[in-house]
Each structure stands twice: as structure tokens, then as C-alpha cells.
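**Student:**
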Amino acid sequence: IELTDLRRAWGPLNLENYAHSLARPGLDLQVVLAKRDKVVLPELSERFMQMLKDAGARPNILELNCGHYSLAMPPYILLAGLSLKRLL
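Be aware that the sequence shown starts at 4, since it is given in my numbering, and climbs by one per residue.
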């Protein structure tokens with residue numbers, strides 16, 4: 004598979020393609036990032052957060068010292084839940 008084909012196939016799943024749509028007025032954004040994530044690398048998450056900010060969004064960002072899957076385990080899931088509660 005060629006790189007251009009891969010990028011086109013990945014396009015609908017790539018949140019970076021939706022940064023401007025997500026940065027609309029009146030939409031509160033809550034983002035939970037895992038600092039030790041090996042699935043969604045922290046550099047990619049940071050780049051996406053910057054894209055959101057550049058598009059005018061003001062996301063509420065919670066960074067936790069965990070991995071992608073350990074985010075679903077205590078205490079990280081509790082911290083994420085409390086953060087979400089504040090957003091609602």
C-alpha cells in the first residue's frame with residue numbers, strides 16, 4: 004500500500020482533520036491524555052491539542068501519568084471521571 008493510500012484510508016479516523024469543526028463556539032471540550040501512552044503517542048496528542056488551540060478551541064486538558072489501557076483502571080479512571088463531572 005502506498006503512503007498516500009494509507010493516509011486517505013486513515014483520514015476519517017484522524018481527529019486532526021476535525022480540529023476546526025471541534026473548535027466551534029459554545030462547545031466545551033474535555034480531553035484526557037495519558038503521558039505514557041504507547042498507542043496514541045503523547046507527541047501526537049500534544050500536536051492535536053495545539054491544532055485545537057490554533058483553531059480557537061479552549062480544551063480542558065487532564066494529563067495523567069499512565070498508559071493508554073491503564074487509563075481505564077483506578078485511580079486514573081476516577082480522576083478522569085471527576086474531571087468529566089466538572090465539565091457537565
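Think of the CB as a built atom: it goes at the ideal place given N, C-alpha and C, for glycine as much as any other residue.
Enumerate in chain order the residues of its own chain whose CB-to-CB distance from Tyr79 is below 7 Å, with the five nearest sequence positions on each side excluded.
**Tutor:** Excluding residues within five positions, the ones whose Cβ falls inside 7 Å are Leu67, Cys69 and Ser73.
**Student:** From the DSSP output, in three-state form, read off Asn20 for me.
**Tutor:** In the structure shown, Asn20 sits in a helix (DSSP, three-state: H, G or I).
**Student:** May I ask you to report which of helix, strand or coil DSSP gives Glu5?
**Tutor:** Coil, per DSSP.
**Student:** Where does the unbroken alpha helix (DSSP H) through Leu67 begin, and where does it stop?
**Tutor:** It is not in any alpha helix (DSSP H) - Leu67 instead sits in the beta strand (DSSP E) that spans Asn63 to Leu67.
**Student:** So the candidates are Pro28, His23, Arg10 and Phe51; which of them puts its Cα closest to the Cα of Val34?
**Tutor:** The option with the nearest alpha carbon to Val34 is Phe51.
**Student:** Going by alpha carbons, who is nearest to Val43 out of Asp57, Arg61, Glu19 and Leu32?
**Tutor:** Among Asp57, Arg61, Glu19 and Leu32, the Cα nearest to that of Val43 is on Glu19.
**Student:** Please classify Leu32: does DSSP put it in a helix, a strand, or coil?
**Tutor:** Coil, per DSSP.
**Student:** Taking Cβ to Cβ, would you say Leu32 is nearer than 7 Å to Ala60?
**Tutor:** Yes, the pair counts as a contact, with Cβ atoms nearer than the cut-off.
**Student:** Looking at Ala83: is its Cβ nearer than 7 Å to the Cβ of Leu55?
**Tutor:** No, Cβ-Cβ distance for Ala83 and Leu55 is not below 7 Å.
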